[in-house]
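Numbering (our numbering), first residue to last: 748 to 1402.
What follows is a set of notes on a single structure, which appears directly below.
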Amino acid sequence: MCGIVGIVGGAAATSSGGFTARRMADMIRHRGPDGDGVWTDTEAAVALSQRRLAIVDLSSAGAQPMISHSGRYVIVFNGEIYNHREMRAHLDREFGAHAWRGHSDTEVFLAAIEALGTKKALELAVGMFAFGLWDRRERRLVLGRDRLGEKPLYYGRTGKTFAFASELKAFQPLPDWRPKIERNALALLMRHNYIPAPYSIYQGILKLRPGHLLVLSDPMLEPHVESYWSASEIAERGQREPFQGSSEEAVDEVERHLRRALEGQMIADVPLGAFLSGGVDSSAIVAVMQSISPRPVRTFTIGFNEAAYNEADHAKQVARHLGTDHTELYLSQRDALDVVPHLPGIYCEPFSDSSQIPTFLVSKLARSSLTVALSGDGGDELFSGYTRYALADAFWNKLSRIPIGLRRASASLARLPSPDLYNNVVGSIMPLLPQRLRRERVGDKIHKAASVLSLRTVNDVYRRLCSHWEPAEIIPDAVEPPTMLTGLEALPPFSGNVERMMYIDLMSYLPDDILVKVDRAAMAVGLETRVPLLDHRLVGFALSLPLSMLRAGGQTKWPLRQLLYRHVPKALVERPKMGFGVPIDAWLRGALRDWAEALLDERRLREDGFFQAKVIRRAWSEHLSGHRNNQYLLWDVLMFQSWQEATRGASAVAA
């Protein structure tokens, strides 16, 4: 687990490549506090560097950049190969005993590349990773990212230099770094609260998509990007060849796959434990961990005094039943609020999932005792856990029965009067209305309902359901780039709407929101996180389970629940789903009000030139008055504004 960087071409690589690469790596020192290294080839104009968080093989034999046995390849690697022992035995068996220098997974992966080629090595590897590989013979750079996107990798060209890094802030030391904010990516942030791959907040800088390789033969030419693992193909196969066994056999298979994943992911040369919320996913992970472990698993939970946001009591009951070595910490409002000023530094581009705050706090708590923590992320996307799937499906089934022509005509009629006219009419009869309706901007709601009537596909419905802002309302001239919901790639031919929505989340919401949130929060304190449910073999099996089995008996995540009931009494975990959140709505009216007011100042918004200031000010006024809860809309803008303020020194400007 590390932070990696590299540069190819340009004066920065030829004259002072080692110095520049080391400075880049130092910008992400938090990702690897245990050591650093740099490798340069002045003639080839390439420099690679890494900050190391030592997890496996703590000796110098695991240090990077690492040169292959023949000297042909040099690699910087971030992540873990969980089956490196099996890969090592395979290489020794097939190619004769290797002169191993140590027992690190990076050395094994590099040897596999040398013996089999990059794609074959990736086929064998089970893990989470991002890497940069320099081929000294071909003078070619290869970048790769793990199948599901647990580890980040940014890349792009600045001047005549091609650069890559684990985080955007690492680009700052590049001599030609003149970042410009990409308005179209900002539009995506306002819609989703994150910026989906392959886009980033800066023009010309992209994220490598999960399961993809990039090959660069000339720093001044466009690199070749291709998929080496296709979730689409796996999903199509699952549709063609669904699991044929019984429900009980499906649960057996889920447990077998999860146990195998955990046997690899519980290997570390440093202290290891798990996050435990008391929900289905994390409880299932910890339950199977404890069944494997010869000693109590170390588990960590944070609690809040606000009952609506607190799961600590549930986690404690699960931990007590399983016999884990449990640590919980109740946090005050002040503890959480103190994190807010640090969010722009933790998240290298604007990111506004407010559960970033408790995620950072639980990571900080775990890091006081651990170097590696396992999490339960991925269960909702793989086993149909989100209620929005059924909601969107039911809504579309009703809406699609109405002819599109009639829907469009109705929408046009509803939009003829302006929102203000509707509001004025309602205002004139306000004394006759219920108190709730008096506070609503009815005209806005009618126009929003009219826009829903015009939606043409279930993808459009799901996109609207998952949207925060409609970017056209607040960002002049922005054009949203294609995403998984709008044609970034062709979707597999799913048998139902829910399966399609699950796949879209697996390919976008999960890697671009959930995994970003966890990676940046944990790496900010030097904690490695591992996600057992995203073992690609388990993912492949989950994608073969029919929806009737995932939602049997009216329950979401049925196979995972049944697995958990084998270890934990049903009564301990059966309760309404609770998000990992904090009361942002109340904080914006209270302790964060002055901070937010400064960032949402109308003059400031106008001068920055990104937003329609009046629309945002209206949303802010409505929230303060209590007429509406605009916490998520406002948090999107506030996270961009605070990030922009923190990065002004990097010369970020509107374009």
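Built from N, CA and C at the ideal position, the CB exists for glycine as well.
Quiz item: Tell me, which residues are paired with L881 by DSSP?
Solution: Position check: residue 881 holds Trp in this sequence, whereas Leu was assumed. DSSP, once it has assigned bridges, lists V821 and L888 as partnering W881.
Practice problem: Using the Cα positions of R1006 and V1087, report the straight-line distance between them to the nearest angstrom. | Solution: Our two residues, R1006 and V1087, have alpha carbons roughly 37 Å apart in a direct line.
Exercise. Go through its chain and collect everything with a Cβ distance to E885's Cβ below 8 Å, but skip five positions before and after it.
Key: Here the set comprises S964.
Practice problem: Measure the C-alpha to C-alpha separation of Q1359 and I1221 and round it to an integer number of angstroms. | Solution: Spanning the alpha carbons of Q1359 and I1221 requires a straight line of approximately 5 Å.
Self-check item: Neighbourhood of R887 by C-beta distance below 6 Å, restricted to the same chain and skipping five residues each side
Solution: Within the same chain, S964 come within 6 Å of R887 by CB-CB distance, once the 5 residues on both sides are set aside.
Quiz item: When the Cα atoms are used, what is the spatial distance from Y949 to H816?
Solution: Y949 and H816: Cα-Cα distance of roughly 38 Å.
Quiz item: In chain order, which alpha helix (DSSP H) runs of at least 4 residues are fully inside the segment 1100-1153?
Solution: 1103-1114, 1126-1130 and 1134-1146, all fully within the segment 1100-1153.
Exercise. Go through the segment 909-969 residue by residue and report every complete run of the alpha helix (DSSP H) that reaches 4 residues or more, in order.
Key: Fully enclosed alpha helix (DSSP H) runs of 4 or longer: 930-939.
Practice problem: Please list, in chain order, all residues of the same chain as M875 whose beta carbon is under 8 Å from its beta carbon, the five residues on each side excluded. | Solution: Once the five neighbours on either side are set aside, the close Cβ partners of M875 are G826, E827, D893, L895, E897, K898, R1277, V1278 and L1281.
Quiz item: In three-state terms, what does DSSP make of L1257?
Solution: DSSP places L1257 in helix when its eight states are reduced to three.
Quiz prompt | Spatial distance of G765 from W786 (CA atoms) | solution = The straight-line gap separating the alpha-carbon atoms of G765 and W786 is approximately 7 Å.
Exercise. Given a cut-off of 9 Å, decide if V803 and D852 are closer than it, judged by their beta-carbon atoms.
Key: Their beta carbons are under 9 Å apart, which means D852 touches V803 by this criterion.
Quiz item: Would the beta-carbon of L1112 fall within 9 Å of that of T1074?
Solution: Yes.
Quiz item: Any idea if P1041 is buried or exposed, counting beta-carbon neighbours within 10 angstroms, 16 or more meaning buried?
Solution: Note on P1041: under 16 other CB atoms within 10 angstroms of its CB, so exposed under the neighbour-count rule.
Exercise. In angstroms with no decimal places, state the Cα-to-Cα distance between P1164 and W1305.
Key: Straight through space, the alpha carbons of W1305 and P1164 are spaced by roughly 48 Å.
Practice problem: With a threshold of 16 other CB atoms inside 10 Å of the CB of Q1378, please say whether the residue is buried or exposed. | Solution: Under this definition Q1378 is a buried residue.
Exercise. Between the Cα of A917 and those of I1093, M813 and V998, spot the shortest distance and give me the residue it belongs to.
Key: Among I1093, M813 and V998, the Cα nearest to that of A917 belongs to I1093.
Quiz item: Should S913 be labelled buried (16 or more other beta-carbon atoms within 10 Å of its own) or exposed?
Solution: In summary, S913 is buried, with 16 or more beta-carbon neighbours lying within 10 Å of its beta-carbon over all protein chains present.
Practice problem: Report yes or no: do three or more beta-carbon pairs, one from the segment 942-962 and one from the segment 1238-1252, lie closer than 8 Å? | Solution: Using a Cβ-Cβ distance cut-off of 8 Å, the segment 942-962 and the segment 1238-1252 are not in contact, since fewer than three pairs of beta carbons, one from each stretch, lie closer than that value.
Quiz prompt | Closest Cα partner of L1371 within the set R1203, A1083, E854 and A1338 | solution = For the options R1203, A1083, E854 and A1338, the alpha carbon positioned closest to that of L1371 is the one of A1338.
Self-check item: Inter-residue Cα distance where the pair is H1283 and L1078
Solution: H1283 and L1078: Cα-Cα distance of roughly 36 Å.
Self-check item: Minimum C-alpha distance to L1290 - residue among M1248, R1067, L1160 and L795
Solution: If we check each option's Cα against that of L1290, M1248 comes out closest.
Quiz item: Which residues bound the alpha helix (DSSP H) around R799?
Solution: Not the alpha helix (DSSP H): R799 falls in the beta strand (DSSP E), residues V793 to R799.
Quiz item: Can you tell me where the alpha helix (DSSP H) with F1098 in it begins and where it stops?
Solution: Annotation for F1098: no alpha helix (DSSP H) segment contains it, and DSSP assigns it neither H nor E.
Quiz item: Going by beta carbon distance, what residues of the same chain come within less than 8 Å of T767, once the five residues before and after it are set aside?
Solution: So the list reads I754, A759, A760, A794, P920, L921 and P922, once near-sequence residues are dropped.
Self-check item: Residue span of the alpha helix (DSSP H) that contains E1002, given as start and end
Solution: Run containing E1002: S994 to Q1012, per the alpha helix (DSSP H) assignment.
Quiz item: How is H1073 classed by DSSP in three states: helix, strand or coil?
Solution: Of the three classes helix, strand and coil, the one that applies to H1073 here is strand, per DSSP.
Quiz item: Does the distance from the C-beta atom of Y941 to that of D1252 stay below 9 Å?
Solution: In this structure, Y941 lies away from D1252, with their beta-carbon atoms at least 9 Å apart.
Exercise. Provide the residue span of the beta strand (DSSP E) that contains Y901, from first to last.
Key: Counting along the chain, the beta strand (DSSP E) containing Y901 begins and ends at Y901 to T905.
Quiz item: How should P1150 be labelled, buried or exposed, when 16 other C-beta atoms within 10 angstroms of its C-beta is the threshold for buried?
Solution: With fewer than 16 Cβ atoms within 10 Å of its Cβ, P1150 is classed as exposed.
Quiz item: Near Y1136, what residues of its chain come up, given a Cβ to Cβ distance below 6 Å and the 5 sequence neighbours on each side ignored?
Solution: If we look at Y1136 and ignore the five residues flanking it on each side, its Cβ neighbours are V1245 and M1248.
Practice problem: Compare the Cα-Cα distances from F1130 to each of D1085, R1067, E1227 and A1031 and report the closest residue. | Solution: It is A1031 whose Cα lies nearest to the Cα of F1130.
Quiz prompt | Three-state secondary structure assigned by DSSP to P989 | solution = For P989, the three-state secondary structure derived from DSSP is coil.
Self-check item: Span separating the alpha-carbon of H850 from that of S993
Solution: Separation of H850 and S993 (C-alpha to C-alpha, rounded to the nearest whole angstrom) is 42 Å.
Self-check item: Where G756 falls: helix, strand or coil (DSSP)
Solution: Three-state result, G756: coil.
Quiz item: Is the beta carbon of L1274 less than 9 Å from the beta carbon of T1118?
Solution: Yes, Cβ-Cβ distance for L1274 and T1118 is below 9 Å.
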